[in-house]
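Have a look at the structure below before the remarks.
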Amino acid sequence: MSDVVAVPTPPDDAFLLDADAVAARVGVDPVTGLSEEEAARRLLADGPNALRGKAPVPAWRKVMAQFQDALIYLLLAAVAISLVVWVVEGAEGVPVDAVVIATIIVLNAILGYTQEAKAEDAVAALSRMTAATSTVWRSSELKTVPSADLVRGDVLVLGEGDEVGADARLLTASSLHIQEASLTGESEAVSKDPATLIGPASLGDRLNMVYRGTSVAQGVGRATVTAVGMSTEVGAIAGMVDSTVEEPTPLQVEINRIGKLLGIIVVIIALVVMITVVLVEGITAPSDLVGVLLLGVSLAVAAVPEGLPALLSVILAIGVQRMAKRNAVVKKLSSVEALGSASVICTDKTGTLTRNEMTIQRVVTASGRACLTGAGYRPRGSVLSVGEELSGDLRAEVQLVLGAGSLANNAQLSEDNGEWHIQGDPTEAAFLVAARKLEGTTARMVRFERRAEIPFTSERKLMSTVHQDKADGALLLFCKGAPDVLLGSCTRLQMGGTTVPLTETLRQEALEEIEALSAQAFRTLGVAYRVLDTAASANAVDPSFEQDLVYAGLVGIVDPPRPEAAKAISEAHRAGIRVIMITGDHPTTAARIAAELGIIEPAARAVTGAELDTLNDRELRNLTREVSVYARVSPQHKLRLVDALQADQQIVSMTGDGVNDAPAIKSADIGVAMGITGTEVTKGAARMILADDNFATIVAAVRQGRVIFENIKKFLRYLLSSNLGEVLTVFLGVIFAGVIGLTDASGDALVLPLLATQILWINLITDSTPALAMGLDPEVDDVMARKPRKLTDRTIDARMWRGILSIGLVMALATLFTIDLFLPGGLVDGNDTLTVARTAGFTTLVFAQLFNALNARSETTSAFRMLFANRWLWGAIALSVALQILVVEVPFLQVAFGTAPLDLTHWGACVALGSAVLWYDEIRKILMRTKLRRVRQNSPTPLSGRQG
33 MSDVVAVPTP PDDAFLLDAD AVAARVGVDP VTGLSEEEAA RRLLADGPNA
83 LRGKAPVPAW RKVMAQFQDA LIYLLLAAVA ISLVVWVVEG AEGVPVDAVV
133 IATIIVLNAI LGYTQEAKAE DAVAALSRMT AATSTVWRSS ELKTVPSADL
183 VRGDVLVLGE GDEVGADARL LTASSLHIQE ASLTGESEAV SKDPATLIGP
233 ASLGDRLNMV YRGTSVAQGV GRATVTAVGM STEVGAIAGM VDSTVEEPTP
283 LQVEINRIGK LLGIIVVIIA LVVMITVVLV EGITAPSDLV GVLLLGVSLA
333 VAAVPEGLPA LLSVILAIGV QRMAKRNAVV KKLSSVEALG SASVICTDKT
383 GTLTRNEMTI QRVVTASGRA CLTGAGYRPR GSVLSVGEEL SGDLRAEVQL
433 VLGAGSLANN AQLSEDNGEW HIQGDPTEAA FLVAARKLEG TTARMVRFER
483 RAEIPFTSER KLMSTVHQDK ADGALLLFCK GAPDVLLGSC TRLQMGGTTV
533 PLTETLRQEA LEEIEALSAQ AFRTLGVAYR VLDTAASANA VDPSFEQDLV
583 YAGLVGIVDP PRPEAAKAIS EAHRAGIRVI MITGDHPTTA ARIAAELGII
633 EPAARAVTGA ELDTLNDREL RNLTREVSVY ARVSPQHKLR LVDALQADQQ
683 IVSMTGDGVN DAPAIKSADI GVAMGITGTE VTKGAARMIL ADDNFATIVA
733 AVRQGRVIFE NIKKFLRYLL SSNLGEVLTV FLGVIFAGVI GLTDASGDAL
783 VLPLLATQIL WINLITDSTP ALAMGLDPEV DDVMARKPRK LTDRTIDARM
833 WRGILSIGLV MALATLFTID LFLPGGLVDG NDTLTVARTA GFTTLVFAQL
883 FNALNARSET TSAFRMLFAN RWLWGAIALS VALQILVVEV PFLQVAFGTA
933 PLDLTHWGAC VALGSAVLWY DEIRKILMRT KLRRVRQNSP TPLSGRQG
């Protein structure tokens with residue numbers, strides 16, 4: 033057996049030791065970092081880098097929690113009463129009522145436990161999707177690992193926007209500023225320095241340390257991990273994190289309110305029914321009293337959908353998982369509410385509305401203009417002039433521009449399994465792509481060997497490289513940069529295969545071309561070159577060589593819009609959602625892209641950040657109602673815009689990727705972080721993460737959010753109307769017992785339309801799987817054809833309550849008519865026994881509720897539209913029908929539930945009368961659609977978010 037090597041223990045006073053000494057103490061070479069094998073061994077020894085959360089609740093406690101409910105207590109009391117009466121009456125046979133009710137309690141607990149487990153699993157899966165990552169140096173390579181896998185001795189590589197994954201001693205730092213407010217309360221970012229401290233220091237003064245839970249506001253650095261998990265400074269205060277309680281969402285509050293309201297109403301109804309039964313029928317034996325009590329308890333349990341909270345969590349969790357598969361990762365289930373209610377989407381331009389793939393579309397030279405087709409980094413396309421292939425002088429000049437721009441370049445273009453990728457600056461990569469589109473250009477570039485570079489500086493606005501021509505040994509300097517600046521360094525102009533002096537007239541023409549492209553929202557770059565004296569040393573070049581240049585030409589570069597963005601924006605406008613572009617780009621560029629995508633009219637303008645600075649809050653609020661494009665804005669402007677829109681009662685979604693975007697994202701109702709370009713800090717502040725950085729994904733997520741909310745309304749409509757049908761059946765059955773023949777059907781003192789066990793059975797088979805399947809329903813109504821829902825709107829409005837009440841009443845009348853149909857006497861004279869008639873009524877009520885599941889899929893659309901779209905619902909209906917057949921036809925279940933076998937005539941009548949609910953609701957929907965059509969015709973109000 034091999035010896036286990038202990039993980040080196042870091043010192044508690046790492047900030048007082050030299051960085052190399054700390055690295056030695058934790059057993060790591062900062063040059064190479066830990067090996068993967070050593071990191072895995074340490075992870076196994078120390079455990080994951082995670083704070084100790086609340087201890088997981090044992091399964092047996094979760095099971096017991098299913099019985100800790102007021103309605104379950106009522107059922108348990110009913111079991112106890114049944115057993116007492118059974119004993120008092122001699123304890124003969126089996127206490128059927130007690131056994132059946134106890135069985136139903138157990139089955140209900142199993143269903144509740146299963147639903148809660150599914151919800152927990154879904155939430156855990158979402159947590160894994162949004163887990164933080166850290167960049168480490170292992171085995172002399174940069175690697176990205178889950179922060180939970182960090183170990184002591186890991187070398188952290190820190191960059192702007194990163195979250196610090198563990199406590200660590202700095203090795204190097206360059207302009208490194210850490211935001212430590214979450215740990216020390218210091219509002220300003222702290223400047224860090226790896227130098228060793230000379231004495232003890234408080235947490236906020238340990239400038240050579242970085243701590244878990246803080247974030248990099250600026251700069252870069254490397255640090256050796258000294259503590260993980262509960263050993264970190266944050267771990268010391270983890271108890272405060274454990275005690276945090278998440279506030280219930282508006283939807284959860286309303287669901288709880290509805291549950292309590294129903295509970296009060298049903299208890300009152302149950303008491304009225306029980307008192308009525310006692311007054312009308314009287315109590316002649318203990319079993320009568322038990323029957324009345326069981327009836328009251330059963331009504332209370334059946335009418336209150338006690339499984340709503342668990343069912344709600346399951347539906348939300350499943351919906352959110354579906355959204356994650358479509359690249360929209362929602363971090364909390366509660367965010368779905370706000371997502372479906374969004375009225376304004378504030379979005380960045382680059383990478384979200386556009387592809388973030390700079391593309392050269394124009395080349396302007398002395399001989400004319402060339403247009404390049406194709407978009408993005410895939411080098412597919414043509415170079416044309418007036419629709420024709422290039423030739424003559426223009427071809428030579430364009431080839432020189434693209435070739436020189438590709439040589440004065442540090443980007444790389446590569447292909448991997450058919451996908452093209454770049455490394456380096458996207459603008460430089462655009463030259464490499466464009467050069468491949470003009471045949472012969474890249475072949476010419478091979479003959480030039482790079483010898484030196486003059487890097488770009490913001491002062492010069494130029495970048496140059498020196499190359500030697502392998503063919504003749506000539507030394508050439510190729511230069512690109514801001515075209516107006518570049519022209520100032522040029523003295524000659526390339527024309528075909530020769531050069532001519534750059535006269536003032538030619539210079540002015542070149543400047544006009546620059547202005548023309550800029551006015552069309554192109555980003556412009558000029559390209560020039562010069563032949564150097566071969567005697568000059570290539571290693572001695574400096575910016576002074578950037579003179580006496582030959583002006584080759586000009587390129588116009590765009591970041592092309594995503595092809596799906598315009599359609600997504602149109603869909604958002606159709607849904608009554610306004611789209612606002614907020615970008616740091618040039619106003620002309622922003623306005624052109626916005627007009628091209630349909631955000632604004634072509635004549636509309638963009639407002640700049642400088643203009644926003646001149647407005648007070650009221651003026652800004654008025655401006656946001658009219659303007660939909662903001663350019664040259666800072667993160668502070670984004671925050672002000674969010675606040676102004678929210679003050680105008682808008683539900684705002686805001687996108688962002690940089691660390692400075694975090695305040696605006698956190699302030700928005702739906703903060704959206706970019707999954708590809710977004711920093712860890714931004715992702716932490718957001719409620720939703722776009723895995724593909726695509727605007728269309730936001731709109732798709734809004735649609736899905738609306739579908740989820742519609743599905744919640746569907747199962748609420750179904751459950752409440754079905755449960756109300758049960759209550760009204762018993763209530764009206766007792767009140768009108770003489771009318772339908774119940775009082776004449778038996779010599780017993782107590783005659784009820786349904787038994788307590790039958791009510792509980794209906795509750796078990798119709799309130800579980802059909803309701804859950806309804807939460808998986810596809811989109812039946814066009815959810816994007818209506819205005820956004822306000823968060824203050826009631827989930828169940830007056831119109832929905834009217835539908836619930838009417839459906840419940842029809843359900844009850846169909847059930848009671850079935851009983852009357854088969855009983856002697858009453859409105860229709862039948863010839864069956866009370867048990868058979870009651871069984872038929874019981875079955876009719878089950879079928880009515882299953883037909884109601886089809887009704888409830890839409891408040892206005894016919895149940896026959898997309899009738900078979902939800903296979904889960906049909907599976908749930910089939911299961912419920914099969915279980916009902918067993919209860920009616922299997923002898924021992926007949927004893928348990930007081931049923932009798934039915935013949936085909938009975939079954940046909942039950943199905944036909946149960947379907948009355950379907951036909952009634954179809955007529956109601958036709959009338960409702962007609963009314964809504966008239967309203968729309970009389971007050972046409974197009975839903976559009978496009979601004980002029």
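Per this note's numbering, the very first residue in the sequence shown carries number 33; after that it's consecutive.
Idealized CB from N, CA, C, for every residue including glycine.
- By the C-beta criterion, the stretch 372–388 is judged not to be in contact with the stretch 833–845, since fewer than 3 inter-stretch pairs fall below 8 Å.
- Residue pairing from DSSP places Pro178 in a beta bridge opposite Thr165.
- Straight-line spacing of the CA atoms in Gln926 and Leu918 works out to 9 Å.
- At the C-beta level, Leu188 and Ser166 come within 8 Å of one another.
- Residue pairing of Phe99 in beta bridges, as defined by DSSP: absent, with no partner found.
- For Ala895, the secondary structure class from DSSP, reduced to helix, strand or coil, is coil.
- Counting C-beta pairs closer than 8 Å gives fewer than three between the stretch 516–535 and the stretch 592–603, which falls short of the contact rule.
- Straight-line spacing of the CA atoms in Tyr952 and Gly857 works out to 27 Å.
- Straight-line spacing of the CA atoms in Ile300 and Tyr145 works out to 30 Å.
- Annotated as proximal: Ile697 and Ala717, with beta-carbon spacing under 8 Å.
- Counting along the chain, the unbroken alpha helix (DSSP H) around Thr867 starts and ends at Leu866 to Asn887.
- For Pro515, the three-state secondary structure derived from DSSP is helix.
- The stretch 633–721 contains, as complete beta strand (DSSP E) runs of 3+ residues, the segments 661–663, 684–688 and 702–706 (chain order).
- For Arg427, the uninterrupted alpha helix (DSSP H) run begins and ends at Gly424 to Leu439, by DSSP.
- Between Val812 and Met720, the C-beta gap is not smaller than 8 Å, which leaves the two residues out of contact.
- DSSP places Gln393 in the strand class (E or B) of the three-state scheme.
- When DSSP states are grouped into helix, strand and coil, Ser67 belongs to the coil group.
- When rounded, the separation of the alpha-carbon atoms in Thr620 and Phe554 is 9 Å.
- The beta-carbon separation of Ala467 and Leu434, rounded to 4 Å, stays under the 8 Å limit for a contact.
- Taking C-beta atoms as the reference points, Met390 and Asp591 count as a pair closer than 8 Å.
- Taking 4 residues as the shortest admissible run, the stretch 754–837 contains the following complete alpha helix (DSSP H) segments, listed from N- to C-terminal end: 769–772, 788–798 and 801–806.
- Every unbroken stretch of the alpha helix (DSSP H) spanning 4 or more residues and falling wholly within the stretch 905–951 is given here in chain order: 923–929 and 936–946.
- The residues Val920, Thr931, Ala932 and Leu934, in chain order, have a CB closer than 7 Å to that of Thr871 in the same chain once the five nearest residues on each side in sequence are set aside.
- Here the alpha carbons of Ala700 and Ala901 stand approximately 36 Å from one another.
- With a cutoff of 8 Å on beta-carbon distance, Ala198 and Val260 are scored as near each other.
- Glu596: not part of any alpha helix (DSSP H); DSSP gives it neither H nor E.
- Within the same chain, Cβ atoms closer than 6 Å to the Cβ of Thr640 are found at Pro619, Ala663 and Arg664, the five residues on either side in sequence being excluded.
- DSSP places Arg468 inside the alpha helix (DSSP H), whose first and last residues are Pro458 to Lys469.
- For Asp574, there is no enclosing beta strand (DSSP E), as DSSP marks it with neither H nor E.
- Exposed is the label assigned to Lys963, since fewer than 16 other Cβ atoms lie within 10 Å of its Cβ.
- With contacts defined as CB atoms closer than 8 Å, Leu325 and Ile609 fail to qualify as a contacting pair.
- Of the other Cβ atoms in all chains shown, 16 or more fall within 10 Å of the Cβ of Ala694; this residue is therefore buried.
- In this structure, the beta-carbon distance from Thr228 to Leu48 falls below 8 Å.
- When secondary structure is reduced to three states using DSSP, Ala846 falls in the helix class.
- Arg401 is bridged by DSSP to Val396.
- Judged by beta-carbon spacing, Lys502 lies within the 8 Å limit of Glu481, meaning their Cβ atoms are closer than that value.
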